[in-house]
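Step one of this worksheet: look at the structure below.
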Amino acid sequence: MALLQWKDQYSVGIDAVDHEHKELIALINRLHDELMTKGKDPSVSAFFGDLFTGISAHFALEERFMRERRYDQITQHKTDHERLLDEIRDIMDDFEEHEVASAELGARLDAWFSRHFETHDARLHKALGSHHD
């Protein structure tokens, strides 16, 4: 079973952003599967790097939409993005130093994504309405 599941309430109403959210969830689920099957393997370390790169690129896209639409809570939203990137770096460091249990990793990522989608992205959706870009 997948670690994270897409939920309609995660939608921000911008097709490109929602598509990337779904792709990030799929990437996190693949990382979780790699951890469960391979443990501390060099391929898993590389996967962390891919996840970090993908999330960074997604945040840049989302922040561009917020700037273009003059979203009034961009500072708070961007701060939460930066907090997640710091947390992923911490998880990556923990993994390199000593094997992090996949359950712990999953719990940390699931908690962040659920909290972020349900707070920051929910506010973003309400502010921007339903756009299909």
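Numbering (the numbering used here), first residue to last: 1 to 133. Every residue, glycine too, gets a C-beta built ideally from N, C-alpha and C. Since we're looking at a predicted model, the values are computed, not measured.
Within 10 angstroms of its Cβ, does residue i collect 16 or more other Cβ (buried), or is it exposed?
i	result
His98	exposed
Met66	buried
His19	exposed
His132	For His132, the predicted model reports a pLDDT of 44, less than 50, meaning its position is unreliable; a value from the coordinates is still stated below. By the neighbour-count rule (16 or more Cβ atoms within 10 Å), His132 is not buried but exposed.
Leu3	buried
Leu35	buried
Asp8	exposed
Val17	buried
Leu124	buried
Leu31	buried
Leu109	buried
Kindly indicate the opening and closing residues of the alpha helix (DSSP H) around residue i.
i	result
Thr174	What the structure shows of the chain is the stretch from 1 to 133, and residue 174 is not part of that stretch, so it cannot be assessed.
Asp33	Asp15 to Lys38
Just to confirm, is the Cβ distance from residue i to residue j under 9 angstroms?
i	j	result
Glu68	His77	no
Ser56	Met92	no
Ile88	Phe52	yes
Asp121	His21	yes
Ile14	Phe113	no
Thr119	Asp80	yes
Phe117	Phe48	no
Asp72	Ala107	no
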